[in-house]
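In what follows, a structure is listed as structure tokens, so that the remarks can point back to it.
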Amino acid sequence: MTDKTNIIIIGNGMVGHYCLEQLVSYGLHEIHTIHVFGAERHAAYDRVHLSEYMTAQDASSLLLHREDFHDAHGISLHLDTPVDAIDRNTRTVHTGQGSFPYEILVIATGSYPFVPSIPGSSGTAGLVYRTLDDLDAIRVAAQGAKHGVVIGGGLLGLEAANAVRSLELSVSVVEFAPRLMPVQLDDEGGRALRHRIERMGIDVRTAHATQRIEPGDNLRHRLVFADGTSLETDLVVFSAGIRPNDAVARECGLTTGARGGIAVDDHCRTDDPHVFAIGECAAWQGRTFGLVAPGYAMARTVAAVIAGEEAAFTGADMSTKLKLLGVDVGSIGDAQGAEPGSTSYRFIGEADGSYRRLVVSADGKRVTGAVLVGDNSYYDTIQQFVQNAIRLPADPAALILPRGEGAALLGADSLPDTAMICSCHNVTKGTINAAIEQGCADFGALKKQTKASTGCGGCAGLLKSVFQNELAARGIEIDHSLCEHFSYTRQELYALVRVHGIQTFSELMDRYGNGGLGCDICKPAVGSILASAWNKPITDPAYIPLQDTNDTFMANMQKNGTYSVMPRIAGGEITPEKLIVLGQVAKKHGLYTKITGGQRIDLFGAQIHQLPDIWAELIEAGFETGHAYGKSTRTVKSCVGSTWCRYGVQDSVGQALDLENRYKGLRSPHKLKFAVSGCTRECAEAQSKDVGVIATENGWNLYVCGNGGMRPRHAELFATDLDSATLVRYIDRLLMFYIRTADKLQRTSVWRENLEGGIEYLRDVIINDSLGIADELERQMQAVVDSYHCEWREALSDSDKLRRFRTFVNDTRADPNVRTVPERDQIKPDENGPGCIAGPGPTDWQKLCQEEDLVPGSGVVAWWEGAQIALFCLPATISAPAQVFAIDNHDPFSKANVIGRGIVGDLKGEIVVASPLYKQHFRLRDGVCLEDGTVSLRVWDARIREGNVEIRGREPALEPV
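Heads up, the sequence shown is in the UniProt record's numbering, so the first residue is 1 and it goes up one at a time.
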């Protein structure tokens, strides 16, 4: 066999990495040596959601691959290593690490931000918005700043404005063209978008050409415009467009397009047969593409061609569906109506600043384009009409009319098999049908198999609609069961619990379940329902087996198996005395401290046995549990409001205190976060919360159903100029309606998106009481408020509950596999320590602990000569005695000692425990992982004899799942 030849990819961005994944999918890594060179120091990350890094500052959440991807496939990844030159004669690339030969070269260098040559544009007056390092530079420049300017009102410009705004700076957007997003929107669309953005307090200046930047009088810089006006600011971010990064190709003599970009043919091959170019650096038929989906299509083409298959790039759909600064914006096809003879239908909603334009061909038979501002729910339907040339309805305007006014909706069954559902990963309706024919009947499995909706995520709604429609068409029942133990949805189970007064999991299982122990899906869901309905302590013995480890120990488990402690600091208001106590407690117990995004102080690194001592000191100082561990009300963030701020018009701190103290302890389908801003400058970021309140001169504006996270959604304006009593009444109703009707682990944002009738329906129910349940919702909330209890205070006064807080039930030592490392005083697991003895263990029965140390239906951990053994007890029933299982406490996936803190249950007849960190399931009888049959935990024989728990060694046995 000859030596492997080299494939080299220059560029480690989204398109370069996707190309690499495609090469691996063809098995080309097995017959070629692959090198990837990235100019950035970061591994490939999701640039589409770059703005999330500005507030989270966590690049790991944006990574496009698991950490061992390259090593697992024998791929050499060279980060922080730009390619300096390409020698096409010797087929070699030259870098700072040396020279590397290639047989096949793929250039995926992307683009760079265009910065106009404006005098004075340097330092904090010459920032750009393109990479993680760029965002770090913006964050540094924002220190001590009050105002920022973004030059450029296109897609990236508005994203940049949102990022600057997230740093609590006031923002101006300066655009040379007469409207925002001039490439995607028409004049009316630009005006509608501007209207919505200005309502958020962002200054928009269109038709402004910046001539120079000079020192300011009051702020750092002054922008001087061509019309003689000026604007002072502290930092300037340029987002005036991008240019193909084709320099290395030009220097080696490759042909480039007239407007830049490396010229490629239909196979994405350059004029050198050994060199391909893909993504934003490539020019196909003289055209470059600035979206990720065309780059992915090019990458698929190149991988197929290298693998010897027939493939061609034939262009790409440049339609976009985005949420910019919380505003839906959509541009489809010929949005500007440039096709000769085309006509348009327009809908203008002056009341809410919405705008929709439908462009129709000259013969009136086809939709050729559309513009949407304010509501993208029309996007999927219109895009399918454009892509598949579907014949127009009798009244084309019906496609953009408000729902309920005769609007036309395109059913999933009307789409042809060629309809593109996910353009990022080239998934058509036919691809979905093929997956179903192969036996795929689970939505999560479909996404994993086809990768649909794992790119930008914009097709998620259409994908689910098509999938469920195709299942129904084949007579496959769509199972909405909570899990195998309950053939009901969460909403239905909630209703059964309330109507029949059910108080326990066992009662619900006996009356409405399918038998069995339950599992890590239904147990926490039912536990949450019972807590929401009756507000009883989650530490009651009947509820302990239902809880995830966070609720069981009333603290958040971290990745190393330790816990964080976060007392309530309502509204972010705290006294100096309490601040001192937090510092003293952290110092005494060796905890790492961090101020959270919700204006609280988190103490990290506590082991279970330390938690009662820590909380005893905090309770004595006047703190109470913060419920940071629960699916419940977390925080109410506030600015300083009218008490201190010269812009404040209402007492935002006082309102935040009232709201947090009212809703603290409220259990819900998912965590709830609030914020109160004292004026429209919005320093508390209320419009990114489940419940947001913003002060006005006349009262309070209420925003609902927003959230941050991986897929942020701005809250929607729900009601305006409310007095405090009405505000609370509406929030009471809203939260209780959400608790009644949401699905398990469903954020308010997703719940709202799934509500038929949308925000108007929600207003009708909450404000107009269209269902006649407002009084009932208010009474139910008041019952929760009146029965509030601090769970930690109750636990500290109950010796039986305190017995749960032991790292080892038979030994007083701390977990020796947790060690402190210097970086930020973090506590990390010792990844070399398996937590299990090397030998088979005792061959004869040996006492491990007492029977009273076990927790029926749950787990504890015992120490045995260097081994950490997780013990799970299934209580006796009428037909069977109590059972005890012994299994290694060390989770092989997280490298932490946490198995004993997992939920025990049964799946398909097998008794299992779910790891509390990443939810892999291990059979208790033999330790085999259900998700990966090659992974197995050590198990011991275990029994209960004369009040003692005894174990003996067992040779490991690995069985296929």
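Using N, Cα and C, we set each Cβ at its ideal position, and we do this for glycine too.
Could you give the distance in angstroms between the alpha-carbon of residue i and the alpha-carbon of residue j?
i: Ala531; j: Leu496; result: 14 Å
i: Ala795; j: Gly605; result: 21 Å
i: His480; j: Thr489; result: 6 Å
i: Ala408; j: Ile759; result: Low local confidence applies: a pLDDT of 46 at Ala408 is under 50, so the model's placement there is unreliable, and no value is given.
i: Met557; j: His627; result: 13 Å
i: Ser724; j: Arg646; result: 22 Å
i: His714; j: Lys689; result: 7 Å
i: Cys639; j: Ser172; result: 22 Å
i: Ala686; j: His78; result: 42 Å
i: Ala957; j: Arg923; result: With a pLDDT of 45 at Ala957, under the threshold of 50, the modelled position of that residue is not reliable, and no figure is offered here.
i: Asn469; j: Arg681; result: 45 Å
i: Ile8; j: Thr92; result: 10 Å
i: Cys19; j: Ser465; result: 29 Å
i: Val898; j: Glu620; result: 30 Å
i: Gly330; j: Gly152; result: 19 Å
i: Val912; j: Thr562; result: 23 Å
i: Leu482; j: Ile521; result: 8 Å
i: Arg47; j: Arg130; result: 8 Å
i: Ile827; j: Ser894; result: Low confidence applies here, because Ile827 scores a pLDDT of 46, under 50, leaving its location unreliable and the question unanswered by this model.
i: Ser787; j: Asn535; result: 7 Å
Starting from residue i, follow its DSSP beta bridges and name the residues at the other end.
i: Asn701; result: Ile694
i: residue 974; result: The requested residue 974 is not part of the displayed model; the chain covers only 1 to 961.
i: Gln868; result: Trp863
i: Ile903; result: Ala914
i: Phe922; result: Val913, Cys929
i: His221; result: Pro215, Thr233
i: Asn948; result: Gln850, Arg945
i: Gly626; result: Its beta-bridge partners do not exist; DSSP assigns none.
i: His94; result: Ala85, Ser99
i: Arg357; result: Arg346, Val371
i: Ile151; result: Val174, Phe238
Count the other CB atoms, across all protein chains shown, that sit within 10 Å of the CB of residue i; report buried if there are 16 or more and exposed otherwise.
i: Ala684; result: buried
i: Asn27; result: Inspection of the sequence shows that residue 27 is occupied by Gly rather than by Asn. Answer is exposed; the Cβ neighbour count stays below 16.
i: Phe114; result: exposed
i: Gln285; result: exposed
i: Lys448; result: exposed
i: Trp644; result: exposed
i: Pro567; result: buried
i: Pro294; result: buried
i: Lys671; result: buried
i: Ile31; result: exposed
i: Pro881; result: exposed
i: Val499; result: exposed
i: Gln584; result: exposed
i: Ala942; result: buried
i: Ile332; result: buried
Mind checking whether residue i and residue j have CB atoms under 8 Å apart?
i: Ser749; j: Gly706; result: yes
i: Thr109; j: Gly11; result: yes
i: Gly257; j: Ala249; result: no
i: Pro892; j: Gly902; result: no
i: Val676; j: Leu659; result: yes
i: Lys523; j: Leu546; result: yes
i: Ser270; j: Glu280; result: For the sequence presented, residue 270 should be read as Thr rather than Ser. No, Cβ-Cβ distance for Thr270 and Glu280 is not below 8 Å.
i: Asp80; j: Glu40; result: yes
i: Leu399; j: Leu358; result: yes
i: Ser668; j: Leu735; result: yes
i: Leu180; j: Arg165; result: no
Could you check where the beta strand (DSSP E) with residue i kicks off and where it finishes?
i: Ile569; result: Where Ile569 is concerned, there is no enclosing beta strand (DSSP E), given that its DSSP letter is neither H nor E.
i: Thr90; result: Where Thr90 is concerned, there is no enclosing beta strand (DSSP E), given that its DSSP letter is neither H nor E.
i: Thr33; result: 32–37
i: residue 996; result: It is not possible to answer for residue 996, since the shown part of the chain is limited to 1 through 961.
i: Thr368; result: 367–373
i: Asn6; result: 5–10
Assuming residue i is part of the alpha helix (DSSP H), what are its boundary residues?
i: Asp186; result: Taken as a continuous stretch (DSSP letters only), Asp186 belongs to no alpha helix (DSSP H), as it is neither H nor E.
i: Ile766; result: 758–766
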